[in-house]
Amino acid sequence: MTLRVQNTMTGKLDDFTPVNPGRVGMYVCGINTYDDSHMGHAKSAVTFDVIRRHLERRGYAVKYVVNFTDVEDHCIQRANELGISLDELAKKYIAEYFKDMRALGVRDADEYPVASHHIPEMREAIKKLIADGFAYASMGSVYFKVSKVKEYGKLSHQSLDDMQSSGRVDSEEGKEDPMDFALWKAWKPGEPSWDSPWGKGRPGWHIECSVMSMKYLGETLDIHGGGSELVFPHHENELMQSESLTGKPFVKYWLHGGLMNVGAEKMSKSLGNFFTIKDVLKLYEPGVVRFFLLNTHYRKPIDFNDKALDEAKLSLARIRSTWDRLRDTKTAEHPNPDLWERAKKARADFEAAMDEDFNTRGAVAAVFELLRDINKALDEGKVCEKAKEEAIALFGEFDRLFGVLAAQKAEGDDMLAPLMHILVELREDARKRKDFKAADLIRDRLKALGIAIEDSAGGAKWKYTKKPPEESPNDI
RNA sequence: GCCGAGGUGACAGAGCGGCCAUGUGGCGGACUGCAGAUCCGUACACGGGAGUUCAAAUCUCCCCCUCGGCCCCA
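Going by our numbering, the letters in the first sequence line up with residues 126 to 601, in that order.
So this is what it looks like as structure tokens:
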């Protein structure tokens, strides 16, 4: 079965065939290094982490590049406020970013280029654009001449006429056309600067991505990803620059993810309605957060609220519980071809969903579908070796991709297991004597501590359940 | 205004011409000392209006609404 991806450029589901067979170059816009990352960043990071994992599972050698932007207005302002250099600010927030990403189980990219470390390459690119007539210097800045490229708007599906009549006329001094955008910005007081043939200044927003992506991935990328708010102007401009520079197609597949909303608005720094990854991880374990993010197709927006997170927690608990039971079960001697068939079908459904534009929600549905059959067979002691293998394979694939099955361990209490063993034994004993008062007391007291006891035919089991948060859910 | 993505049952969320999505929560039942877990059954649905078709959440047209983009933003 072929992998298909929704391509913003064509507006369709395109069959995925990388430029170089077997290899995929993938570039995703990372963060601006001036603050802690929030859940919107987590959504993007986890989305592309899973896309990358799926490509690798399918046998592609993926080179994955994520950039850091450390030169732009917010960074400059923040660095000035703190009285530190852009570099120091960037170091701090890059370190925080790695902490957050690793806590979330996001695998490291292969390269993390930083904008300010690529100024020479950007200067060269700008020089070439001027020499080729795509850009012009004016009052110490350099602008890209939008009228020079006929295809302007091909990614965001807008025409220059539309945009010009849209009231977006922020005529900056020195621009020949209001639609032109800056490649190099002339120095202003209070801003850091680098030397250039056009006077001291700093690079514009889009040129860094053109330069860095092509430096690490070559002139044509297979996949360029980011949040949907980046389609215009950032990706559109990046595209125009890059293709003007090389004369070759810049990106084969543009993938854009839906945004994280809070109520009716998107979560963003500028609106101030954001929740940092760190804060959310204080209340929900990483697996739950990942599951929450992957429970919706990546192109759709997700509303951030505690109800949805709680639901993700419950759903995930159910998968984990079956996963544990399955691994522990003694297999039946009689073959269960029906169950085996169902497990095979679930695996096929799972893959088919992932191959259709990384439909994680559809893939989860395939897991749940099998879950029911497995639980039933487990209850009846009818899980045969072959079916068990097949089911475990599905769970394995699921976990390789989603990275959610390993539950967070209770910290630092190796003594818990042996102690629990004693308590469970005492309680079993009480139950045998029909001393239900004692048995219930043990169960209730443990529950208050966040440990659930569950009786079953094969003896009682206990599991660690995080205590409900003390804070009001609205405080998250 | 222009461009893009959407509007699916109580909520969340797949599907995108004919067949059960799935999850959380309801309701009824099985199991259990009880609870939980698990299973079985069940109710609740495709924004509105025209049209195409033997057949439409699924295709076409019109309308309404929401979100995103057009300064920065994953």
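Think of the CB as a built atom: it goes at the ideal place given N, C-alpha and C, for glycine as much as any other residue.
Which of helix, strand or coil does DSSP assign to residue i?
i	result
Trp448	helix
Gly575	coil
Lys325	coil
Ile209	coil
Arg129	strand
Ser272	helix
Lys438	helix
Gly299	coil
Asp539	coil
Thr371	helix
Ser338	helix
Trp465	helix
Tyr277	coil
Ile255	helix
Lys513	helix
Phe141	coil
Arg552	helix
Leu530	coil
Rounded to a whole number of angstroms, what is the C-alpha to C-alpha distance between residue i and residue j?
i	j	result
Glu539	Met545	Sequence check: residue 539 is Asp here, not Glu. About 11 Å.
Pro245	Ser281	30 Å
Phe417	Leu441	9 Å
Ser616	Arg248	What the structure shows of the chain is the stretch from 126 to 601, and residue 616 is not part of that stretch, so it cannot be assessed.
Met339	His349	11 Å
Thr401	Lys572	30 Å
Ser291	Asp305	Unreliable positioning characterises Ser291 in this predicted model, as indicated by a pLDDT of 49, which lies under 50. The coordinate reading is nonetheless provided below. Distance between the alpha carbons of Ser291 and Asp305 is about 15 Å.
Arg139	Lys425	First, the amino acid is wrong: residue 139 is Asp here, not Arg. Cα to Cα, the separation comes out at about 18 Å.
Asp221	Asp161	Checking the sequence shown, residue 221 turns out to be Glu, not Asp. The straight-line gap from Cα to Cα measures roughly 7 Å.
Thr385	Tyr159	For the record, residue 385 in the displayed sequence is Met; it is not Thr. Using only the alpha carbons, I get a separation of about 20 Å.
Ala307	Pro328	8 Å
Asp212	Ile201	10 Å
Asn192	Leu370	20 Å
Thr421	Val405	18 Å
Ala262	Tyr152	29 Å
Ala170	Thr456	39 Å
Asn205	Pro314	12 Å
Gly208	Thr345	40 Å
Pro317	Ile251	19 Å
Ala488	Trp587	29 Å
Cys154	Gly383	14 Å
His381	Asn461	44 Å
Ala389	Glu515	43 Å
Quick one, which of the options has its alpha-carbon nearest residue i's?
i	options	result
Gly372	Asn500, Val274, Pro143	Val274
Asp463	Leu495, Asp347, Trp448	Leu495
Lys513	Trp465, Asn484, Ala488	Trp465
Ile444	Lys216, Asp482, Asp498	Asp498
Tyr237	Arg558, Pro328, Tyr341, Gly165	Tyr341
Glu301	Ala260, Asp504, Gly383	Ala260
Ala582	Ala457, Arg568, Asp504, Arg177	Asp504
Glu354	Ala433, Ile176, Leu138, His166	His166
Asp569	Leu128, Gln131, Arg558, Arg552	Arg552
Leu229	Cys509, Gly528, Lys562, Thr345	Gly528
Asp524	Ala477, Val175, His163	Val175
Gly521	Lys557, Glu476, Asp554	Glu476
Asp272	Gln366, Met164, Arg203	A small fix is needed here, since residue 272 is Ser in this sequence, not Asp. Ser272 has its Cα closest to that of Gln366, out of Gln366, Met164, Arg203.
Thr454	Thr127, Tyr423, Glu510	Glu510
Pro303	Leu285, Trp312, Ala311, Trp309	Leu285
Thr603	Ala563, Arg203, Leu128	Residue 603 lies beyond the stretch modelled for the chain, which goes from 126 to 601, so this question has no answer here.
Given a threshold of 16 other Cβ atoms within 10 Å of its Cβ, counted over all protein chains shown, does residue i qualify as buried or as exposed?
i	result
Asn145	exposed
His459	exposed
Pro543	exposed
Gly351	buried
Ile547	exposed
Ala471	buried
Ala256	exposed
Lys557	exposed
Ala396	Sequence inspection shows Leu at residue 396; the Ala mentioned does not correspond to that position. Exposed, by the Cβ-count rule.
Ala577	exposed
Asp347	buried
Glu368	buried
If you measure from the CB of residue i, is any heavy atom of the ligand FMN nearer than 8 Å?
i	result
Leu285	Summarising the ligand content, the structure contains no ligands, and the ligand FMN is consequently not present.
Report yes or no: do the segment 331 to 343 and the segment 190 to 203 share at least 3 C-beta pairs separated by less than 8 Å?
Using a Cβ-Cβ distance cut-off of 8 Å, the segment 331 to 343 and the segment 190 to 203 are in contact, since at least three pairs of beta carbons, one from each stretch, lie closer than that value.
Closer than 8 Å is the cut-off here; do at least three beta carbon pairs connect the segment 342 to 360 with the segment 256 to 273?
Contact fails: fewer than three Cβ-Cβ distances are below 8 Å.
Taking three-plus beta-carbon pairs below 8 Å as touching, is the segment 374 to 391 in contact with the segment 223 to 231?
No, they do not touch.
Quick check: the segment 553 to 567 against the segment 203 to 219, are at least 3 beta-carbon pairs closer than 8 Å?
No, the segment 203 to 219 does not touch the segment 553 to 567.
The segment 431 to 441 in contact with the segment 477 to 488 per 3-pair CB rule at 8 Å
No, they do not touch.
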